[in-house]
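A quick write-up on the structure given underneath.
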Amino acid sequence: MAKGLTMGTSLTLIKAGSEPTNLVIKGLTSIGPITGEKEEIDVTTLDSPDGAKEFLSGAADWGSQDLEGYMDDDTQIEKMRALFDSGMVRDWEILTPGKRKIAYKAFVKNFTYGEKTVDGVDGFKLTLRLSGKPTFSKVA
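Heads up, the sequence shown is in the numbering used here, so the first residue is 9 and it goes up one at a time.
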């Protein structure tokens, strides 16, 4: 796989219900990693070989994804706040300049208005909590 730059990566909230279009999230400065982790199921018994613990792999948890950006669009910020208030699980997509796509379902778990400082830029932070398994693909 060739190395690819991430400048130009986009995050899109996929339209639902009566929404007319998808919403590309503007002003992002960081799209955090998506990290899968398996639960451990302890199956150790009193007669496990060599007195060592034994495990089975359990369900996958794809965790949370942190996002940061600048407040460029009040309508977008209001939408993110409304999603936080509703707790709705929605469809999201990340698309890189190298045409790699990650599609997943998530709800807005955390919404933070950024710190206000003397030389600061007005920003926000979001945490998306993934629900289910993301799909990783290459688009044409």
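Ideal placement from N, C-alpha and C gives every residue a C-beta, glycine not left out. Because the structure is a prediction, the values reported are computed rather than measured.
Buried versus exposed, by CB contacts within 10 Å (16 or more), residue i
i, result
"proline 166", "Given a span of 9 to 148 for the chain in the structure shown, any question on residue 166 remains unanswerable."
"phenylalanine 132", "buried"
"isoleucine 85", "buried"
"valine 147", "exposed"
"valine 116", "buried"
Beta strand (DSSP E) segment containing residue i, residue limits
i, result
"serine 94", "It is not in any beta strand (DSSP E) - serine 94 instead sits in the alpha helix (DSSP H) that spans 82–94."
"asparagine 118", "108–121"
"glycine 140", "131–146"
"leucine 103", "98–103"
Whether residue i touches residue j by CB criterion (7 Å)
i, j, result
"lysine 109", "serine 145", "yes"
"threonine 20", "asparagine 30", "yes"
"glycine 40", "glutamine 73", "yes"
"glutamate 62", "serine 38", "no"
"glycine 35", "tyrosine 78", "yes"
Closest residue to residue i among the options (Cα-Cα distance)
i, options, result
"glycine 153", "Thr43, Thr37 and Arg89", "This structure does not reach residue 153, given that the chain is present from 9 up to 148, and the question cannot be answered."
"threonine 143", "Gly122, Ile102 and Val129", "Ile102"
"isoleucine 22", "Thr14, Leu13, Val32 and Met15", "Val32"
"leucine 91", "Ala67, Asp82, Ala111 and Asn118", "Asn118"
"lysine 46", "Asp82, Gly95, Gly66 and Arg89", "Gly66"
"arginine 98", "Met88, Gly106, Asp81 and Thr104", "Met88"
"aspartate 80", "Val129, Leu138, Pro57 and Gly25", "Val129"
To test your reading of the DSSP string, which unbroken beta strand (DSSP E) runs of 3 or more residues are found completely within the region 16–91?
18–21, 36–39, 45–50, 63–69 and 72–78
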